[in-house]
Structures are given as structure tokens and as C-alpha cells.
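A quick write-up on the structure given underneath.
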Amino acid sequence: MKTSLRLTIALIVIFGLAVAGVAVARLAWPSVEQPIAFSHRLHVTDLGSACTDCHLYAESGVRATIPNLETCGFCHEEAQTESPDEARLVEHIEAGEPIPWRKVYRVPDHVYFSHRRHTAIAGIDCTECHGAMEEQEEPVSRPAVRITMNGCMDCHDENGVSNDCLLCHK
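In this note's numbering, the protein residues as written are 36 to 205.
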């Protein structure tokens, strides 16, 4: 077989594997559409909000919360801009109608994970698991960092934390 034919076949196989890899990743971590556009960049970088200003209990509880109406209402009881999405947010607040935010990060039911243990006690920054959210101008549609068991175990190894199964698995 000629070298150019072998090279062409190899490139086709590599391209096919790359396409298959992207397809599998999208199936394993499907994207979600958020009901209201939200810019983490505006809130964190431009306005100086901290993750814990909106995601309550990230440092004090097992679970960090997705912002509820009361949390959003602290700053958005009235619209601050002419944005149609902010107007919809204010409508939700005024009507007392919860915003149907869709979770992007999910911890499997068989895993015990405490935000407090990781953020407040171990001092891990939110970006380690959630990526550079302060750069996101669009609503989050899929995890910026894929949370996997191997990733967690690697982090535990690097930080001298036990990888005993019962530490994280129910």
C-alpha cells in the first residue's frame, strides 16, 4: 500500500475517532438550556460578587444552592438595566414564581459530597471543580470541568486525603 494511501486512511480514522469522542462526551454530559440569560462575568468580574453571594451554603453546608427568588431579589427587586432577561427575572420575583433553573452539576445519589468540607475546611477554590465561571458571559449549559471519580481520587492523592470508598460513597 502506498504511503499516501496509508496516511489518508490514518487521518480518516483519527478524524472519525475524534468525532466519536465528541459525540460520546456530549451524550455523557448533555447541555441544558437555562430559562433566563445570566452572565457570571457581569456579576463576578464586573460587579465584584463572590460565588457565595448567590450560591448560599457553598462554605457552610453540604450543598450549595442555586439562587432562589429571595437571593436574586436582594439586588433585582427592580430592574437595574433594560435587559429583557432581567425584566423576566423581576417578573418572577414580583409574582413569587420560582425560576426553573436547571442543574448543570449533579452528584450521583450514591456519592456523599459536602461543599463545606471542600471549600471551608480544605480551602479548595470554587474554580477547581467549576472552572473559571467569572469568564462566562452566557448561562452555564454544561459542566466546565467534568467531575469524575478519577478526578476526585487524583485530588485526594495530591492533597493527602484518604481514598477509602466509605469516605465518599454511601
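Ideal Cβ placement from N, Cα and C applies to all residues, glycine included. Computed from a predicted model, the values in this text were never measured in an experiment.
(request) With DSSP collapsed to three states, give me the class of V125. (result) Translated into positions along the sequence shown, residue 125 becomes position 90. Here DSSP, grouped into helix, strand and coil, assigns V125 to helix.
(message) Does H145 come out as helix, strand or coil in the three-state DSSP assignment?
(response) For the purposes of this step, residue 145 is taken as residue 110 along the sequence shown, with counting starting at 1. If DSSP states are grouped into helix, strand and coil, H145 belongs with coil.
(message) Can you give me the C-alpha to C-alpha distance between P119 and Q69, rounded to a whole angstrom?
(response) One-based indexing of the sequence shown puts residue 119 at position 84. One-based indexing of the sequence shown puts residue 69 at position 34. So the two alpha carbons sit approximately 14 Å from each other.
(request) Flag P102 as yes if its beta-carbon sits less than 8 Å from any beta-carbon of chain B, otherwise no. (result) Note that chain B does not occur in the displayed structure, where there is just one protein chain.
(request) Consult DSSP for H191 and reduce its assignment to one of helix, strand or coil. (result) Here residue 191 refers to the residue found at position 156 of the sequence shown. H191 sits in a helix when the DSSP states are folded into three classes.
(message) Closer than 8 Å is the cut-off here; do at least three beta carbon pairs connect the region 85-99 with the region 142-152?
(response) Segments in contact, yes.
(message) Let me make sure I understand the geometry here. Which of P102, V67 and I182 has the alpha-carbon closest to that of E173?
(response) For the purposes of this step, residue 173 is taken as the residue at position 138 of the sequence shown. For E173, the nearest C-alpha among the options comes from V67.
(request) Would you kindly work out how many angstroms separate the C-alpha atoms of A122 and Q115, rounded to a whole number? (result) As a first step, residue 122 is located in the sequence shown; it is residue number 87 there, counting from the start. As a first step, residue 115 is located in the sequence shown; it is residue number 80 there, counting from the start. The alpha-carbon atoms of A122 and Q115 are separated by roughly 9 Å.
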